[in-house]
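S.K.:
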(Lines of atoms letter the chains of each structure in order from A and count residues from 1; the text may use other names and numbers.)
(Lines give C-alpha, C1' and ligand atoms only; values in the text may rest on other atoms or scores of the structure.)
Protein backbone atom coordinates (compact mmCIF):
# COMPACT_ATOMS: atom_id res chain seq x y z
CA UNK A 1 0.00 0.00 0.00
CA UNK A 2 1.39 3.41 -0.96
CA UNK A 3 1.62 6.42 1.33
CA UNK A 4 -1.19 8.08 -0.61
CA UNK A 5 -3.43 5.03 -0.18
CA UNK A 6 -2.74 4.87 3.57
CA UNK A 7 -3.65 8.53 3.98
CA UNK A 8 -6.80 8.13 1.85
CA UNK A 9 -7.91 5.11 3.85
CA UNK A 10 -7.30 6.92 7.15
CA UNK A 11 -9.33 9.95 6.06
CA UNK A 12 -12.22 7.81 4.84
CA UNK A 13 -12.36 5.35 7.72
CA UNK A 14 -11.13 7.26 10.76
CA UNK A 15 -11.75 10.96 10.16
CA UNK A 16 -15.04 10.63 8.32
CA UNK A 17 -16.18 7.45 10.06
CA UNK A 18 -17.20 5.92 6.73
CA UNK A 19 -19.80 8.65 6.22
CA UNK A 20 -20.52 7.76 2.61
CA UNK A 21 -17.20 8.87 1.18
CA UNK A 22 -16.06 5.98 -0.98
CA UNK A 23 -13.02 7.42 -2.68
CA UNK A 24 -10.90 10.52 -2.81
CA UNK A 25 -8.95 11.48 -5.91
CA UNK A 26 -5.31 12.52 -5.44
CA UNK A 27 -5.95 16.14 -6.49
CA UNK A 28 -9.35 16.60 -4.80
CA UNK A 29 -9.47 19.51 -2.36
CA UNK A 30 -9.95 17.94 1.05
CA UNK A 31 -10.68 21.27 2.73
CA UNK A 32 -13.11 22.68 0.13
CA UNK A 33 -14.97 19.35 -0.03
CA UNK A 34 -15.41 19.37 3.74
CA UNK A 35 -13.41 16.19 4.32
CA UNK A 36 -10.88 18.08 6.45
CA UNK A 37 -11.28 20.98 8.85
CA UNK A 38 -8.87 22.46 11.38
CA UNK A 39 -9.47 19.74 13.96
CA UNK A 40 -9.25 16.85 11.51
CA UNK A 41 -6.02 18.32 10.09
CA UNK A 42 -4.51 18.03 13.57
CA UNK A 43 -5.80 14.45 13.85
CA UNK A 44 -4.31 13.68 10.44
CA UNK A 45 -1.03 15.27 11.53
CA UNK A 46 -0.93 12.95 14.54
CA UNK A 47 -1.59 9.96 12.27
CA UNK A 48 1.10 10.99 9.76
CA UNK A 49 3.75 11.51 12.43
CA UNK A 50 2.99 8.16 14.05
CA UNK A 51 2.49 6.11 10.88
CA UNK A 52 5.51 7.43 8.99
CA UNK A 53 7.80 8.23 11.94
CA UNK A 54 8.27 11.90 11.03
CA UNK A 55 8.11 15.16 12.95
CA UNK A 56 6.34 17.74 10.80
CA UNK A 57 7.25 21.34 11.60
CA UNK A 58 4.36 23.50 12.76
CA UNK A 59 5.23 25.98 10.00
CA UNK A 60 4.25 23.23 7.53
CA UNK A 61 0.87 22.62 9.17
CA UNK A 62 -1.29 24.79 6.92
CA UNK A 63 -4.52 24.17 5.06
CA UNK A 64 -2.55 24.58 1.83
CA UNK A 65 -0.17 21.72 2.76
CA UNK A 66 -3.09 19.46 3.71
CA UNK A 67 -5.46 20.35 0.87
CA UNK A 68 -5.10 17.16 -1.20
CA UNK A 69 -3.65 13.68 -1.03
CA UNK A 70 -1.09 14.68 -3.66
CA UNK A 71 0.08 17.71 -1.66
CA UNK A 72 0.25 15.74 1.61
CA UNK A 73 2.28 13.02 -0.12
CA UNK A 74 4.65 15.69 -1.47
CA UNK A 75 4.97 17.21 1.99
CA UNK A 76 5.94 13.82 3.41
CA UNK A 77 8.42 13.27 0.58
CA UNK A 78 10.13 16.44 1.77
CA UNK A 79 10.60 14.68 5.11
CA UNK A 80 12.12 11.63 3.41
CA UNK A 81 8.98 9.46 3.19
CA UNK A 82 8.80 7.80 -0.25
CA UNK A 83 5.38 7.08 -1.76
CA UNK A 84 5.90 3.33 -1.85
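Numbering (this note's numbering), first residue to last: 170 to 253. Virtual Cβ for every residue (Gly too), placed ideally from N, Cα, C. This structure is a prediction, so every number in the text was calculated from the model and none was measured.
On the criterion of 16 or more Cβ atoms from any shown chain inside 10 Å, does residue 236 qualify as buried, or is it exposed?
M.R.: buried
S.K.: Given a cut-off of 8 Å on the beta-carbon distance, is the pair residue 180 and residue 213 in contact?
M.R.: The answer is yes: Cβ separation under 8 Å.
S.K.: Compare the Cα-Cα distances from residue 229 to each of 221, 222, 173 and 241 and report the closest residue.
M.R.: 241
S.K.: Would you kindly work out how many angstroms separate the C-alpha atoms of residue 245 and residue 200, rounded to a whole number?
M.R.: 18 Å
S.K.: With respect to the alpha helix (DSSP H) encompassing residue 173, which residues constitute its N-terminal and C-terminal limits?
M.R.: 172–179
S.K.: Would you please state the rounded distance, in angstroms, between the beta carbons of residue 243 and residue 195? I believe it to be under 8 Å.
M.R.: About 10 Å separates the two Cβ atoms, so there is no contact after all.
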